[in-house]
Amino acid sequence: MQNNYRKIEPAPVLDKTANAICISYANVQLFQNCTAQYEVRNITEVQTVSDGHIMPPMWGSPLMTGNITLSGDDYANWGSDDNYIYEQIATKLGLTLLPVEKAA
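Quick note: the sequence shown uses numbering that gives the first Met the number 0, first residue 0, plus one each step.
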């Protein structure tokens with residue numbers, strides 16, 4: 000199952016530590032642009048319990064929120080990989096994304 004967040008290298012934000020960028024929603028105007036609302040948060044992932052059920056992550060309060068609009072070449076370069084939006088947000092904020100973990 001795909002999450003609506005990507006892990007980042009831990010970074011200080013408002014005297015707390017952020018470890019994830021979340022995308023709340025994205026508004027796409029076909030062939031023109033995409034505006035994504037993001038939140039920078041601290042997320043605690045819970046390990047799989049003994050019976051095999053996967054527990055959802057625990058979400059802390061948003062530490063930072065904002066919007067990013069991709070247009071022109073930025074929008075054209077998007078392609079089919081939605082991780083591109085996370086990369087653009089991380090670059091804008093000076094944060095470093097961690098590699099995407101492959102599902103087992």
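Think of the CB as a built atom: it goes at the ideal place given N, C-alpha and C, for glycine as much as any other residue. The structure displayed is predicted, hence computed values, not measured ones.
Among residues of its own chain, excluding the 5 on either side of residue i, which ones have a beta-carbon nearer than 6 angstroms to its beta-carbon?
i   : result
T47 : I53
M57 : T43
A35 : I22, A25, I67, I84
G51 : none
Could you compute how far the alpha carbon of residue i sits from the alpha carbon of residue j?
i    : j    : result
S70  : V39  : 22 angstroms
P55  : V45  : 7 angstroms
P104 : T16  : Nothing in the structure corresponds to residue 104, since the chain is present only between 0 and 103.
I84  : L92  : 12 angstroms
S79  : T95  : 21 angstroms
F30  : D72  : 11 angstroms
S49  : Q28  : 45 angstroms
G59  : P11  : 14 angstroms
T90  : K101 : 23 angstroms
Grab me the residues of residue i's own chain with a C-beta within less than 8 angstroms of its C-beta, minus the 5 sequence neighbours each way, in chain order.
i   : result
Y37 : I20, C21, I22, S23, T64, G65, N66, I67, I88
E86 : L96
Taking 7 angstroms as the limit between beta carbons, can you name the residues of its chain near residue i, skipping five residues before and five after?
i  : result
K6 : N18, A19, L97
Inspect the beta-carbon positions of residue i and residue j and report whether they are closer than 8 angstroms.
i   : j   : result
Y4  : N32 : no
N41 : L13 : no
N76 : V99 : no
Entirely within the region 5 to 75 and at least 4 residues each: give me those alpha helix (DSSP H) ranges in chain order. The region 5 to 75 contains these whole alpha helix (DSSP H) runs: 71 to 75.
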